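Trainee: As they're listed, the protein sequences go chains A and B. For the first sequence, the working numbering assigns the number 75 to the initial residue and increments by one for each residue that follows. For the second sequence, the working numbering assigns the number 118 to the initial residue and increments by one for each residue that follows. Just so it is clear, CB atoms sit at the ideal spot from N, CA and C, and this is done for glycine as well. Since this is a predicted model, take the numbers as computed values, not measurements.
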Amino acid sequence: MAEEVKLFGLWGSPFSRRVEIALKIKGVKYEYIEDDLQNKSALLLKYNPVHKKVPVLLHNGKPIAESLVLLEYIDETWEGNPNLPPDPYERAQARFWAKFIDEKCLPALWKALFGEESEQEKAMEEALQNLKMLEKELKDKRLFGGGGGGGGGGGEESIGLVDIAANFIAYWVGIIQEAVGAEILNRERFPVLYKWIDELLSCSVIRENLPPRDKMLAYFISRVQAAKASK
Amino acid sequence: MAKSDVKVLGAWPSPFVMRPRIALNLKSVEYEFLEETVGSKSQLLLQSNPVYKKIPVLIHHGKPVCESLVIVQYIDEAWASGTPLLPSDPYDRAMARFWAAYIDDKWFPSLSAIAKAQGEEGKEAAIAQVAEGLALLDDAFAKCSKGKPFFGGDKIGYLDIALGCFLGWLKVTEKMTNLKLLDEMIAPNLVGWSERFCSHSAVKGLMPETHKLMEFAKMLQAKFKAPPS
Numbered sequence: 075m076a077e078e079v080k081l082f083g084l085w086g087s088p089f090s091r092r093v094e095i096a097l098k099i100k101g102v103k104y105e106y107i108e109d110d111l112q113n114k115s116a117l118l119l120k121y122n123p124v125h126k127k128v129p130v131l132l133h134n135g136k137p138i139a140e141s142l143v144l145l146e147y148i149d150e151t152w153e154g155n156p157n158l159p160p161d162p163y164e165r166a167q168a169r170f171w172a173k174f175i176d177e178k179c180l181p182a183l184w185k186a187l188f189g190e191e192s193e194q195e196k197a198m199e200e201a202l203q204n205l206k207m208l209e210k211e212l213k214d215k216r217l218f219g220g221g222g223g224g225g226g227g228g229g230e231e232s233i234g235l236v237d238i239a240a241n242f243i244a245y246w247v248g249i250i251q252e253a254v255g256a257e258i259l260n261r262e263r264f265p266v267l268y269k270w271i272d273e274l275l276s277c278s279v280i281r282e283n284l285p286p287r288d289k290m291l292a293y294f295i296s297r298v299q300a301a302k303a304s305k
Numbered sequence: 118m119a120k121s122d123v124k125v126l127g128a129w130p131s132p133f134v135m136r137p138r139i140a141l142n143l144k145s146v147e148y149e150f151l152e153e154t155v156g157s158k159s160q161l162l163l164q165s166n167p168v169y170k171k172i173p174v175l176i177h178h179g180k181p182v183c184e185s186l187v188i189v190q191y192i193d194e195a196w197a198s199g200t201p202l203l204p205s206d207p208y209d210r211a212m213a214r215f216w217a218a219y220i221d222d223k224w225f226p227s228l229s230a231i232a233k234a235q236g237e238e239g240k241e242a243a244i245a246q247v248a249e250g251l252a253l254l255d256d257a258f259a260k261c262s263k264g265k266p267f268f269g270g271d272k273i274g275y276l277d278i279a280l281g282c283f284l285g286w287l288k289v290t291e292k293m294t295n296l297k298l299l300d301e302m303i304a305p306n307l308v309g310w311s312e313r314f315c316s317h318s319a320v321k322g323l324m325p326e327t328h329k330l331m332e333f334a335k336m337l338q339a340k341f342k343a344p345p346s
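Given below as structure tokens:
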């Protein structure tokens, strides 16, 4: 039976892009379906009734949601270029940091950039602390790594789960900062993290699966304007 | 393996701490349980979990693993020869991970929200959310168990552990609101499952008695209501 892989995604969503990156690293052929945010498609509601969000992967008719769940599913289903290392302890570390990114880093960054003014200062402090912890974890590695070949170098220097999960930090934060006129992430404060960003964005599989910068910037600028207009 | 090679830092009231302990029991792994004093954090905890400073922490050959569900997966993989905790099929594994994430990100926070809810309306809304979640999880049980006694099938697995650890606190919430949440009308499958889970040999000794948890909950409430010193 021919394999059928469909991905419901959003061009600007980092979560959606994570899954595309993982599929591309594995060389999996898939059909991409852009979700229409205004009218959450009937299909999306059917395949992800719990969260009603993208990304959703449909593999031979069976739906799976939640980007981190999907990254592991993709790793376990298709061979070659794994995004998790074989050692249980290293796998646990990768899962820990991916979770840290989603539960702590992203919410704090989002609040620091878009939150109520009264919350922004505290969120900024938290975001800075979280980024420092992430930087500490990176140490002198070029990538968070642990993957088996997607970055082109093999071994620990290959793109791993944490690199993919941190895509928001590598790409979106810079764009949003420009739109909002804030600066949390900069080269002086986070030299190690910036080296990682440069390294990550130099990988073609990452670069080719990011939304176009000008389009993304325009989107965030319009969001900022809409927020101001509604005040 | 020597008992001291495997340590769990935790506290008896914590449902999250129960998770790795159940997992270790299922794998027949002996471990040393280091009980943290409520209200203070030991040096070992601060050193082993500098990011969150929270229990549980598993320390295996001196190396710490943090975050309860990450620990359970680690236990599954580090003791791979023992009974598997996650299903073998990738789709079933994804379902188990999906629902465990739902439990932690949505369902348990809704349970905690009941105690914090303001006014009657607030409480009713919070209770309705928990009930809705239980109905969803009941449905998930039907799909995952495929007619067998547990989410994991014939044996307790990852998702049983993820949800089952909260049964003690669910009972406390039922007592405090005087309502039956885990109810035949809302979640018929889960009613039977919860009894099977709580009486399982790997769980029995770890599930705190409801009256002890109630006392602990009341002590916590008093602490929160007390004026700041």
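Starting from A/Gly83, trace the beta strand (DSSP E) both ways and give me its first and last residue.
Mentor: Where A/Gly83 is concerned, the enclosing beta strand (DSSP E) stretches over Val79 to Gly83.
Trainee: Quick one: what does DSSP say B/Val125 is sitting in, helix, strand or coil?
Mentor: B/Val125 falls in the strand class under three-state DSSP.
Trainee: Within the same chain, show all residues whose beta-carbon is closer than 6 Å to that of B/Ala319, passing over the 5 residues directly before and after it, in chain order.
Mentor: Same-chain partners within the cutoff: Ile139, Asn142 and Leu143.
Trainee: Spell out the partners DSSP gives A/Leu118 in its beta bridges.
Mentor: A/Leu118 is not bridged to any residue.
Trainee: Report the residue from B/Thr154, B/Ala211, B/Leu175 and B/Leu253 whose alpha carbon sits nearest the alpha carbon of B/Lys124.
Mentor: Among B/Thr154, B/Ala211, B/Leu175 and B/Leu253, the Cα nearest to that of B/Lys124 is on B/Leu175.
Trainee: So which residues of chain A does B/Glu184 contact, with C-beta pairs closer than 8 Å?
Mentor: Going along chain A in sequence order, the residues near B/Glu184 (Cβ under 8 Å) are Arg169, Phe170 and Lys173.
Trainee: Interface residues of chain B around A/Arg165 at Cβ under 7 Å?
Mentor: Correct list: Glu194.
Trainee: What is the rounded straight-line gap between the Cα of B/Lys240 and the Cα of A/Asp149?
Mentor: Each residue's Cα considered, the two are about 42 Å apart.
Trainee: Just the Cα atoms here: how many angstroms apart are A/Ser115 and B/Ala218?
Mentor: Rounded to the nearest angstrom, the two C-alpha atoms are 24 Å apart.
Trainee: Here's the rule: buried if 16 or more other CB atoms are within 10 angstroms of the residue's CB, otherwise exposed. What is B/Val155?
Mentor: Looking at its Cβ environment, which holds fewer than 16 other Cβ atoms inside 10 Å, B/Val155 is exposed.
Trainee: Using alpha carbons as the reference points, say which of A/Glu190, A/Glu146 and A/Leu183 lies closest to A/Gly221.
Mentor: Comparing Cα-Cα distances from A/Gly221 to each of A/Glu190, A/Glu146 and A/Leu183, the minimum goes to A/Glu146.
Trainee: Buried or exposed: which applies to B/Met336, given that a residue is buried once 16 or more other Cβ atoms fall within 10 Å of its Cβ?
Mentor: So B/Met336 ends up on the exposed side.
Trainee: What are the residues of the region 209-221 of chain B that lie near chain A, defined by any Cβ-Cβ distance shorter than 7 Å?
Mentor: Answer in chain order: Arg210, Ala211, Arg214, Phe215, Ala218 and Tyr219.
Trainee: Look up A/Tyr106 in the DSSP assignment and give the residues it is bridged to.
Mentor: A/Tyr106 pairs with A/Leu81.
Trainee: Mapping DSSP to helix, strand and coil, what is B/Cys282?
Mentor: Here B/Cys282 sits in coil by DSSP.
Trainee: How would you label B/Gln164, buried or exposed, when you count the other beta carbons within 10 angstroms and need 16 or more for buried?
Mentor: The residue is exposed, with fewer than 16 neighbouring Cβ atoms inside 10 Å.
Trainee: Count the other CB atoms within 10 Å of the CB of A/Gly225; is the residue buried (16 or more) or exposed (fewer)?
Mentor: Here A/Gly225 scores only 48 on pLDDT, less than 50, and its place in the model should not be relied on; the value that follows carries that caveat. Looking at its Cβ environment, which holds 16 or more other Cβ atoms inside 10 Å, A/Gly225 is buried.
Trainee: Closest by CA to B/Lys288, which one among B/Asp193, B/Ala334 and B/Val134?
Mentor: Out of B/Asp193, B/Ala334 and B/Val134, B/Ala334 has the C-alpha closest to the C-alpha of B/Lys288.
Trainee: Can the beta-carbon of A/Leu217 be found less than 8 Å from the beta-carbon of A/Leu131?
Mentor: No; because the gap between Cβ atoms is not below 8 Å, this pair is not in contact.
Trainee: Would you mind reading off the limits of the beta strand (DSSP E) that contains A/Ala139?
Mentor: Run containing A/Ala139: Lys136 to Ala139, per the beta strand (DSSP E) assignment.
Trainee: Would you kindly work out how many angstroms separate the C-alpha atoms of A/Glu195 and B/Pro226, rounded to a whole number?
Mentor: Spanning the two alpha carbons is a distance of roughly 25 Å.
Trainee: Which residue comes first and which comes last in the alpha helix (DSSP H) that contains B/Pro132?
Mentor: That run of the alpha helix (DSSP H) goes Pro132 to Leu143.
Trainee: Return helix, strand or coil for B/Val182, following the three-state DSSP convention.
Mentor: Strand, per DSSP.
Trainee: What are the start and end residues of the alpha helix (DSSP H) that includes A/Leu370?
Mentor: Shown here, chain A extends from 75 to 305; a query on residue 370 of chain A therefore has no answer.
Trainee: Given a cut-off of 8 Å on the beta-carbon distance, is the pair B/Leu203 and B/Gly127 in contact?
Mentor: For B/Leu203 and B/Gly127, no; Cβs fall outside 8 Å.
Trainee: Go through its chain and collect everything with a Cβ distance to A/Trp246's Cβ below 6 Å, but skip five positions before and after it.
Mentor: Around A/Trp246: Pro88.
Trainee: In terms of residue numbering, what span does the beta strand (DSSP E) encompassing B/Leu151 cover?
Mentor: It spans Glu149 to Glu152 - the beta strand (DSSP E) in which B/Leu151 sits, taken as one unbroken run.
Trainee: Let's see if you can read the secondary structure: which residues bound the alpha helix (DSSP H) around B/Leu202?
Mentor: Where B/Leu202 is concerned, there is no enclosing alpha helix (DSSP H), given that its DSSP letter is neither H nor E.
Trainee: Sort out for me which residues DSSP pairs B/Phe267 with in a bridge.
Mentor: Paired residues: B/Gly270.
Trainee: Cα separation between B/Ile188 and A/Ala300?
Mentor: Taking the straight line from one Cα to the other gives about 43 Å.
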